[in-house]
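Residues in the sequence shown are numbered from 526 upward in steps of one, following this note's numbering.
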Amino acid sequence: MKIEGFLGANAGYVAELFERYRQQPESVDAETRAVFDAWGSQGAGPTDVVTAPAANVLSIVGAANLAESIRRYGHLAATIDPLGTAPVDDPTLAPASHGLTDEDLRKLPASLVGGPVAHTSANAFEAIEKLRRVYSSTTGFDYAHVFVPEEREWLRHAAESGRFLPPMEPHSAEALLDRLTSVEVFEHFLHQAFPGKTRFSVEGLDMLIPMLDEILCSAADQGVRHALLGMAHRGRLNVLAHVLDKPYAQILAEFKDPVQPMSWLVNLGWMGDVRYHAGARTAGPRGQLFVTLVPNPSHLEAVNPVVAGMARAAGTRADQPGASVFDGRVTLPILIHGDAAFPGQGVVAETLNLSRLAGYETGGTLHIIANNQLGFTATPEESYSTSYASGLARGFKIPVVHVNADDPVACLEAARMAAEYRSRFGRDFLIDLVGYRRYGHNEGDEAAFTQPLMYQVIGAHPTVRAQLARAQVDAGQLPPDLPDTLVRKHREELEKTLASLEPEKDVVLPVPTPAVAGAAARVDTGVPVERLRELNAGLLEAPAGFTFHKKLERGRERRRASLANPSERSVDWATAEELALASILADGIPVRLTGEDVERGTFSQRHAVFHDAVKGTRLIPLQTSAHARAAFDVYNSPLTENATIGFELGYGLHAPGTLVIWEAQYGDFINGAQVVLDEFVTSGRAKWGMKPALVFLLPHAYEGQGPDHSSARPERILQAAADTNLRLVNCTTAAQYFHLLRRQAHLLATDPLPLFVLTPKSLLRHPAVRSTPLELEHGRFLSVIDDEEARERKGSVTRLVLCSGKVYVDLVTSPRRAADPHVAICRVEQLFPFPGTALREALEGYQALTEVVWLQEEPENMGAWEFMRPRLEELISGRCPLRYVGRVRSSSPSEGSAAWHQVSQAALIDQAFVHDERSPAAPLVLSKPA
526 MKIEGFLGAN AGYVAELFER YRQQPESVDA ETRAVFDAWG SQGAGPTDVV TAPAANVLSI
586 VGAANLAESI RRYGHLAATI DPLGTAPVDD PTLAPASHGL TDEDLRKLPA SLVGGPVAHT
646 SANAFEAIEK LRRVYSSTTG FDYAHVFVPE EREWLRHAAE SGRFLPPMEP HSAEALLDRL
706 TSVEVFEHFL HQAFPGKTRF SVEGLDMLIP MLDEILCSAA DQGVRHALLG MAHRGRLNVL
766 AHVLDKPYAQ ILAEFKDPVQ PMSWLVNLGW MGDVRYHAGA RTAGPRGQLF VTLVPNPSHL
826 EAVNPVVAGM ARAAGTRADQ PGASVFDGRV TLPILIHGDA AFPGQGVVAE TLNLSRLAGY
886 ETGGTLHIIA NNQLGFTATP EESYSTSYAS GLARGFKIPV VHVNADDPVA CLEAARMAAE
946 YRSRFGRDFL IDLVGYRRYG HNEGDEAAFT QPLMYQVIGA HPTVRAQLAR AQVDAGQLPP
1006 DLPDTLVRKH REELEKTLAS LEPEKDVVLP VPTPAVAGAA ARVDTGVPVE RLRELNAGLL
1066 EAPAGFTFHK KLERGRERRR ASLANPSERS VDWATAEELA LASILADGIP VRLTGEDVER
1126 GTFSQRHAVF HDAVKGTRLI PLQTSAHARA AFDVYNSPLT ENATIGFELG YGLHAPGTLV
1186 IWEAQYGDFI NGAQVVLDEF VTSGRAKWGM KPALVFLLPH AYEGQGPDHS SARPERILQA
1246 AADTNLRLVN CTTAAQYFHL LRRQAHLLAT DPLPLFVLTP KSLLRHPAVR STPLELEHGR
1306 FLSVIDDEEA RERKGSVTRL VLCSGKVYVD LVTSPRRAAD PHVAICRVEQ LFPFPGTALR
1366 EALEGYQALT EVVWLQEEPE NMGAWEFMRP RLEELISGRC PLRYVGRVRS SSPSEGSAAW
1426 HQVSQAALID QAFVHDERSP AAPLVLSKPA
C-alpha cells in the first residue's frame, strides 16, 4: 500500500496514528503498521518524519491536503480562456490555506504529494509546482466526481504522467501547422469568395479538426470499425472538407447554389437542405474505419440520440437467435456540442441518461463542447447555472477536461486521453474545448452590437495557426518561410478548384430511391395455420421448474388452445402480435422492440418477458423459440419520448434490415418527441435521403380517460404526410395487425417507410377484434374494409359511414345498427398513403347513396377529417353530399370527465344513423354538411 491512499480528508487522522506508531509501533493494528513500515522505502518514513517535531506533523497533513486540493480544484485556476479572462481560482489552492509556506514544503518529502510527479521531485515544493503545471495550466482536469476508484486513479495517473502529450518534433510540428493552415485558409477563402453567404465558420476553435484527426486515428488503431459523428452547424463545413474528405468542388458548387440539378429530383420528393446540415460518409484513417457525419437540423442537439442509436446498431450482431450481441469496441459515437446548447437542450440530459442503460449503451461516447463562450448573443451567465458549460456531465460521472483552444499540445493531449479512456473503460468522456467565435452567430451578424468588449479582443487576437507558426519558427523547429508557403499552397488549391468549377455538374445530391411500385400490395404475409401452431408451441415452451404467475398461467393455457379450430375467432391482439414477430424472426429478420413498459405492455397485454414468481428469473419466449433465425431484443425504455425515439430511429437507419418498433405508454405522449418526428422521421427522406422505417405503436382511442389519455394526435402525423413519406394505419382486427407487421418487415428492403399504428386499448381483449387462424393464413392487410353485413342489401343503402379505428366497434355493437339497415359502415384502416383506389371501389358498390359520412371521435380540427375531406370530395365528385360527424372544434383533444365522455360518445354513435345537426344533451358532438 502506498502513502497516496492516505491523502485527503483523513490525513490528519493518519498523522495522529503515525505519531502513535512512532512512539509505540504495537499501538496500531498490523495492517496500518505495515504501511508505516513501508514509508521508509518511499522516502517518507522514520528518517524524514519520525524525528520531526509535532508542528511538522501539521505540515505533513497540510501538504497532503494541498496536493489533494490541486487535484480536485486545480481546474478552477487553469488559464483555459484564449481571450485572457482570469480563472475563478480557489483559496484552497494556496499553501497558506493549509498553514504552509514554500519553505515548509521544501523541507517535506515529495512522496507526500504522491503520484508520478513525486518520483521526479526532490521535495514536496517541487512536486507541488509540477502538480500545478498539470492541473492549473492551459488544461483543467476535472474528474473528482468520477465514482469508480479504478477509473479515477487511471485519470489521475494519465494527467500527471503526461503520457498523452504529443511529440512536437519538427516533422510533427510541420504536420500540425499544415493541418491548421488548411483549416484557416478554407474559412478565409469562403469568406472572400462568397461574401454574405452563411457558413458558420470554425474560426476560434480551429483545433477541433486536428483533435478529430487524433481521435479517429486512435480509434482505427483500437479496432473501431464505425465512427458516427453528430454536430451542429458551427464548423461543420470544415469537418466535411477535412475530416470526411468531401471534395472542395462539391462544397464550392453548393455555394453557387445551382437550381437545375434539383429540378428532376423534386419529382421524387426531394427538397434538400442547407449546406451546413448535410451529412457524409467516408473511409477514415487506416482504411478499416468508416466515418459517418449524420445529417442534422438547426434544432441543436437533436441529432444526439440518433447518433447513439446508429452507434448501438453498428456494434450489434443480430443474425443469430436469442438476444443480439453488442460489442462497443467496434463502434465510436462522437458528439460535438455547443456551449449554450449542451446545458440548455433537454435532449442532452436524456441522451446522457441512456449511456449506461441495458439496450442503449454504446461503449462510450466522446463529447466535445465547441465552446465559443457565447450563445447567439447570450452570455454564459444567461445560458447556464453551472460553473462550466459542461456542468451537466458531472451528474453522469463523466470525466471532463477543460482545454484552451489556443494550445495545440494541450488539445491533442486531451483528445488522446479521451480516446484511450473510452477504449479502456467503455464510458463517456467530455472535452470542453474553450475558444471563441471569430464572427457573429453567422458571418452576416454583427456581434459587436451585444459584445463590444469581447469582440475588440477577438479582433486583435492572432489565430492558433499564427501563434503556432511563430512559436515553432522562434524555437528553430521550422524554417521561417514555411508558414507563408503553406498558406499559398492551400489557397492556390482552392482558387484552382473554383476557377474550374462547373456547378451544374459538381454539385452532388443524394438521389432518392423511388419506391417499388405496388411493393406493399405484392407482399405475401400469410402464414399456414400448421406453421402458426408450431410457432405458438415454441413460444409456450418453458424451462423445467419455471413458475408462472397464476393469472399468467391461465392466459398461457388459453393461448395453447387458441389455434385449435382454424375457423374460430380465437386470436386476440396480443396473440396476433407475438405470432407475427415469431414468424418474422423465423424468416431471418431481427426484431428490436422498445418503449415505456413495453416488456409487459401498458395494459398487461403483451408479456414479452415472464418473471419467475418464486425465483425472479426472466424468460423471453421470442428469444428461446427454436424456430427463430434472427435475434429478438426487448427493453423497457427510460421515461422519455424524445431521446428514445431518436435512438430507435438511428438504430434502424444503421441496421435497415432490422424491424425496429417503439411503443408509447399512451399515444398522447408522442408529442414529447415532436422535434425528432418533424426533423428526422417525416422529412429526413426529403431533406437528406434518409430511409427511416421505424414502427410506432401508439395507443389511441376515446374511452373517457381525459385529454392526455385519448389521442395520439393523428392530425399532426397527417399534416406532415406527403410524397409517400410514411404510413399511418388504424387497425380494427388482430389479423390486420398481424399482416401489417409482417408487411412492414418484408418491405424493409424494397419500400422502407416509417409506420404509425394507432393501437387499441379497451379493444385489446374485445371479442369483436379477434380473428380466426385462417385469416392469418389466407388474408392480407386491407387498407379499406367494406361492410360485410351490407353485402346483400347494397342496393338499398342510402348512407355510407366511413370511419377509422375503435369507433367502428362502437358503431357495429350499437342497437341502432340493426334498426337502420339503410346505413352501411366502411372502415378506413390505412389513412396514409391515402387509399383512393380502394375507397373508390367501395363507393361504387353503393349506387343508391344519398349521403356519405365521415365519422370520428376526435374534434373537428383534429383526427383525420381535415385530411380526408378534400380527398373524399374528389372521390365523390358531387354524386352526393359529404357530411361530418364528430366532436366540435376544440383546443383540447377530449373531455376531462368520464361521464361527459359517455354522453358525447352516445350522441356521436346516434348521429351516425340520424340527421340531427346538434343534440342539446351533447353539445360537444356535431353533425354537419362538409
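Note that the Cβ used here is the ideal one computed from N, Cα and C, for glycine as well.
Would proline 820 and tryptophan 1213 qualify as a contact pair, given that the criterion is a beta-carbon distance under 7 Å?
Note that the C-beta distance between proline 820 and tryptophan 1213 is below 7 Å.
Under 7 Å Cβ to Cβ from phenylalanine 1438, same chain only, skipping five residues before and after it: list those, please.
If we look at phenylalanine 1438 and ignore the five residues flanking it on each side, its Cβ neighbours are Arg1341, Asp1345 and Val1348.
DSSP three-state assignment for proline 571, whether helix, strand or coil
The predicted model places proline 571 with a pLDDT of 40, which falls under 50 and marks its position as unreliable; any figure quoted below should be read in that light. Correct three-state label for proline 571: helix.
Those residues which DSSP pairs with lysine 1075 across a bridge
Secondary-structure assignment with DSSP links lysine 1075 through no beta bridge to anything.
Count Cβ pairs between the segment 931 to 941 and the segment 983 to 1003 that sit closer than 8 Å; are there 3 or more?
These segments touch.
Beta-carbon contacts of glutamine 1355 that lie in its chain and below 6 Å, excluding the five residues immediately before and after:
Cβ neighbours of glutamine 1355 beyond the five flanking positions: Val1254 and Ser1308.
State the beta-bridge partners of glutamate 1188 as determined by DSSP.
Glutamate 1188 is bridged by DSSP to Gly1120 and Leu1222.
Report yes if the CB atom of proline 1217 is closer than 7 Å to the CB atom of leucine 1174, and no otherwise.
Cβ atoms of proline 1217 and leucine 1174: closer than 7 Å.
Distance between asparagine 1250 and arginine 1210 (C-alpha atoms, nearest Å):
Each residue's alpha carbon lies about 7 Å from the other.
Could you tell me which residues DSSP pairs with valine 1096 in its beta bridges?
Bridge partners of valine 1096: Ser1296.
Which residues bound the beta strand (DSSP E) around glutamate 1376?
It spans 1376 to 1384 - the beta strand (DSSP E) in which glutamate 1376 sits, taken as one unbroken run.
So leucine 715 and arginine 724 are supposed to be a Cβ contact under 8 Å. How far apart are they, rounded?
With 8 Å as the limit, leucine 715 and arginine 724 qualify as a contact, their Cβ atoms being about 5 Å apart.
Alpha carbon to alpha carbon, what distance is there between proline 1181 and glycine 1126?
Near 25 Å, if we compare the C-alpha coordinates of proline 1181 and glycine 1126.
For the segment 1102 to 1122 against the segment 1261 to 1270, do three or more pairs of beta-carbon atoms, one drawn from each stretch, fall closer than 8 Å, so that the two count as touching?
Judged by pairs of C-beta atoms under 8 Å, the segment 1102 to 1122 touches the segment 1261 to 1270, as three or more such pairs exist.
Is the Cβ of leucine 877 closer than 7 Å to any Cβ of chain C?
Checking the listed chains, one finds no chain C in this structure; it contains a single protein chain.
Run of the alpha helix (DSSP H) containing proline 1239, from where it starts to where it stops
It spans 1239 to 1244 - the alpha helix (DSSP H) in which proline 1239 sits, taken as one unbroken run.
Count the other C-beta atoms from every protein chain shown that fall within 10 angstroms of the C-beta of alanine 700, then say buried if there are 16 or more, exposed otherwise.
By the 10 Å Cβ count, alanine 700 comes out exposed.
6 Å CB neighbourhood of alanine 1246 in its chain, flanking five on each side removed:
Spatial neighbours of alanine 1246 in its own chain (CB-CB distance under 6 Å, excluding positions within 5 residues in sequence) are listed in chain order as Phe1357.
So isoleucine 740 packs on alanine 943, CB below 8 Å; how close in whole Å?
Distance from isoleucine 740 to alanine 943 at the Cβ level is roughly 7 Å; contact confirmed, criterion being Cβ atoms closer than 8 Å.
Reduced DSSP category for phenylalanine 921 - H, G, I as helix; E, B as strand; rest coil:
Three-state DSSP puts phenylalanine 921 in coil, outside helix and strand.
Any idea if glycine 984 is buried or exposed, counting beta-carbon neighbours within 10 angstroms, 16 or more meaning buried?
Label assigned to glycine 984: exposed.
If you follow the alpha helix (DSSP H) that methionine 979 is in, where does it begin and where does it stop?
Where methionine 979 is concerned, the enclosing alpha helix (DSSP H) stretches over 977 to 984.
Please state if the CB of valine 1054 and the CB of aspartate 1091 are separated by a distance shorter than 7 Å.
Per the sequence shown, the amino acid found at residue 1091 is proline instead of aspartate. The answer is yes: Cβ separation under 7 Å.
On the criterion of 16 or more Cβ atoms from any shown chain inside 10 Å, does proline 1279 qualify as buried, or is it exposed?
The residue is buried, with at least 16 neighbouring Cβ atoms inside 10 Å.
If you compare alpha carbons, which of Val1322, Ser1235 and Lys1286 is closest to methionine 1387?
Nearest neighbour of methionine 1387 by Cα position, chosen from Val1322, Ser1235 and Lys1286, turns out to be Ser1235.
Tell me, please, whether the segment 1373 to 1382 touches the segment 1319 to 1331 by the rule of three or more beta-carbon pairs shorter than 8 Å.
As far as the Cβ criterion goes, the segment 1373 to 1382 touches the segment 1319 to 1331, which means the pair count is three or higher.
Between the C-alpha atoms of threonine 902 and leucine 754, what's the straight-line distance to the nearest angstrom?
Spanning the two alpha carbons is a distance of roughly 26 Å.
Cβ-based burial, glycine 1043 [other Cβ within 10 Å; buried from 16]:
Label assigned to glycine 1043: exposed.
Rounding to the nearest angstrom, what Cα-Cα distance links arginine 1085 and threonine 1100 in this structure?
One C-alpha to the other measures close to 10 Å.
Taking the alpha carbon of valine 1012 as the reference point, which residue from Val1353, Ser707, Arg657 and Arg1404 has its own alpha carbon closest?
It is Ser707 whose Cα lies nearest to the Cα of valine 1012.
Cβ neighbour criterion (16 or more within 10 Å) applied to alanine 883
Classification of alanine 883: exposed, given that the 10 Å Cβ count is below 16.
Within 10 Å of its beta-carbon, does serine 908 have 16 or more other beta-carbons around it, so buried, or fewer, so exposed?
Under a 10 Å Cβ-count criterion, serine 908 is classified as buried, with 16 or more other Cβ atoms of the shown protein chains found around its own Cβ.
Under a three-way DSSP split, which group does aspartate 782 fall into?
The three-state reading of DSSP puts aspartate 782 in coil, since its state is none of H, G, I, E or B.
With 16 as the cutoff for other CB atoms within 10 Å, does asparagine 1196 come out buried or exposed?
Under this definition asparagine 1196 is an exposed residue.
Which runs of the beta strand (DSSP E) fall wholly inside the segment 853 to 886 and span at least 3 residues, in chain order?
Listed in chain order, the complete beta strand (DSSP E) runs (minimum 3 residues) inside the segment 853 to 886 are 856 to 863.
DSSP state of threonine 1284 mapped onto helix, strand, coil:
Per DSSP, reduced to three states, the secondary structure at threonine 1284 is strand.
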